[in-house]
Every structure is written in C-alpha cells, then in structure tokens.
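A.B. asks: Counting along the sequence shown from 1, when you hit position 51 you're at 270 in this note's numbering, and nothing is skipped either side.
Below is one structure. I have some questions about it.
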Amino acid sequence: MRKIINSTYVSLDGVIGNPQNWTSAYFQDEAAAYARELLFSCGALLMGRATFDGFSQAWPAMEEATGDFGVRMNGLPHYVVSDSLKKPGWGDTTAIPRAEAVAAITELREQDGQDILQYGFGPVSRTLVAHGLLDELRLWIHPVLVGPDAPEDMLNVKDFSASFELAGTTTFKTGVIVATYVPAEK
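Structure, rendered in structure tokens:
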C-alpha cells in the first residue's frame, strides 16, 4: 500500500495561498534537496483543480530551469479531482470526478508502487483527511507573516477539524521548519 503525503507551504499566520510570492527567499539548497528527495520518492501526483491549473501551466516550461526535477514533475502520472476538467493536456493526467474521488483515491493508494504526493491543502486534502486517506502532512512553516489571503486558506475553513501527531521535524538554515504530522490515533 502506498502512502499519500501532503506537502504544503504555510506562513506563520496560516496563509497557504500564492506561495510563489513569499517563499522564494527561503528556498535555498537545503530546501531544494528536501523537495527533490520527496518528489523522487513518490510515483504520482494528486491534486485539486486549482493546483492542477497552476502546475499544468507552469511546469512544462520549467524543465530547462529545474532539470530533472521538472522532468519528474512533468513525467509522473497526475491525478486531478475535478468535475469540469475534460481535456487535461499535461502529460499523463487522469481526471477523477468529485463523486468518485474517495473510491478512486482509495484504489490508487492500495496499488503497489511509490507513494503519492499532493501539494497544497484544499478541498481534496480535506476529503482525504475526512476519509482517513492522508498518511502524512508535511507543513513547511516559513518565518514570515503574509497577511490575509483567500477564504479557502487551510486555517480558515468552517466545519473542518482534524487531529495530528508530530512525527518529525526538519529545520533549514533559513528558519523554515518542515513539521511532519500523521493522523492522531482515534
């Protein structure tokens, strides 16, 4: 059985949106090596529609700048939960209708192979948590206050709660802490 690992950048004030605007100063060699190890340990990407839209536009043009990391991002199988995506158009992409998401993701998780990586935390992540499908949550806590962001931010969602246990931490010289959590025992 494969694990589903969520990797999310978060500011000190709980903002996760638009990380390209506030994380680049903290993404140095240590963070790059950590991100690379995580990506290469996984055999598929799982995402919601918003993440897919951003990634499918950005990553095809980034292979030259990012080398084998970009090749890996573009070459992995991509699974996107969406009711409206009809022609994905980014490599090996499979659209999963929302009503079938839990069953399809459960089936993906039960397959042999490398783990499944999910970037960002939104509706798909909350579905994973609610159905016991998220195995690890890796929060990249950045030492920056960003200010208010979109209402769908991870810490501002009504009627969503979950408990986790700390499984480990990694600290970079830039002050970024990657806190790895697993679902708390019920």
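Note that beta-carbon positions come from the ideal geometry of N, C-alpha and C, so glycine has one too.
Mapping the DSSP letters down to three states, classify N293 as helix, strand or coil.
C.D. replies: Three-state result, N293: helix.
A.B. asks: Which ranges does the beta strand (DSSP E) cover as unbroken runs of at least 3 residues, wholly within the stretch 266-310, from first to last along the chain?
C.D. replies: Whole beta strand (DSSP E) segments, 3+ residues: 297-300.
A.B. asks: Compare the C-alpha of I315 against each of W309, L304 and Y228 and name the closest.
C.D. replies: Cα-wise, what sits closest to I315 is L304.
A.B. asks: What distance in whole Å lies between the Cβ atoms of V300 and R317, which are believed to be in contact at a cut-off of 8 Å?
C.D. replies: That belief holds up - the Cβ atoms of R317 and V300 are roughly 6 Å apart, short of 8 Å.
A.B. asks: Is the CB-CB distance between L295 and A263 below 8 Å?
C.D. replies: Yes, they are a contact pair.
A.B. asks: Would you mind reading off the limits of the alpha helix (DSSP H) that contains Y228?
C.D. replies: Careful: Y228 lies outside any alpha helix (DSSP H), inside the beta strand (DSSP E) at I223 to S230.
A.B. asks: Excluding sequence positions up to five away, which residues of its chain have a Cβ less than 7 Å from the Cβ of F288?
C.D. replies: Within the same chain, F288 has close Cβ partners R255 and L258.
A.B. asks: Keeping to the same chain, check which residues put their C-beta closer than 7 Å to that of V348; ignore five residues upstream and five downstream.
C.D. replies: Taken in chain order, the residues that qualify are A381.
A.B. asks: Please state if the CB of T242 and the CB of Y228 are separated by a distance shorter than 8 Å.
C.D. replies: Going by C-beta atoms, Y228 is nearer than 8 Å to T242.
A.B. asks: Nearest CA to the CA of R291: which residue from C261, M220 and D272?
C.D. replies: Nearest option by C-alpha distance: C261.
A.B. asks: Going along the chain, which residues of its own chain have a beta-carbon closer than 6 Å to the beta-carbon of R357, five neighbours each way excluded?
C.D. replies: S226, V397 and T399.
A.B. asks: Please state whether the Cβ-Cβ distance between V203 and E326 is less than 8 Å.
C.D. replies: Because the chain here runs from 220 to 405, residue 203 falls outside it and cannot be looked at.
A.B. asks: Can you tell which of D378, L353 and P362 has the C-alpha that lies nearest to the C-alpha of A403?
C.D. replies: Considering only alpha carbons, the answer is L353.
A.B. asks: Just to confirm, is the Cβ distance from P362 to G310 under 8 Å?
C.D. replies: It is not a contact, given that the beta carbons lie outside the stated cut-off.
A.B. asks: Please state if the CB of M281 and the CB of Q337 are separated by a distance shorter than 8 Å.
C.D. replies: Cβ atoms of Q337 and M281: not closer than 8 Å.
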